[in-house]
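In my numbering, the protein residues as written are 1 to 132. Just so it is clear, CB atoms sit at the ideal spot from N, CA and C, and this is done for glycine as well.
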């Protein structure tokens, strides 16, 4: 039964991939335009890549956390998910603080990708609702 639950989570994450990639394509097109418009400011691109890395790491850890929580009782799973939520967001805080302090990253372009999973989930829900 645990293998089936894991497969469901992986399918759920895979179903969001096309939306995430589409949002990223638009985002990087805008970043490239800004790169040329703002006089070849490389921090825009490095910030966008860094932010995407943090976003993907956070989303991956969320999936792993959910897989582990499914193997626990309801109360233990809730406690575990809450604890890992705190750990993930603390980690993102430190990673974004590093982006703010290091001169090789644009903080703005690093933060924007953190919103992409929410956009992807919303777009998928709208598409699935329109297909009904």
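Check, Outcome
"With a Cβ-Cβ cutoff of 8 Å, do residue 96 and residue 76 count as a contact?", "no"
"So what does DSSP say about residue 47, is it helix, strand or coil?", "helix"
"Would you check if the stretch 65 to 81 and the stretch 28 to 43 touch, i.e. whether three or more CB-CB distances between them fall below 8 Å?", "no"
"List in chain order: all unbroken alpha helix (DSSP H) runs of 4+ residues lying wholly within the stretch 25 to 112.", "42 to 69, 74 to 101 and 107 to 111"
"If residue 162 sits next to residue 112, beta carbons under 8 Å apart, how far is it from one beta carbon to the other, in whole angstroms?", "Nothing about residue 162 can be reported from this structure: the residues present for the chain run from 1 to 132 only."
"Pull up the distance between the alpha-carbon of residue 72 and that of residue 60, whole angstroms please.", "19 Å"
"Under 7 Å Cβ to Cβ from residue 45, same chain only, skipping five residues before and after it: list those, please.", "31 and 35"
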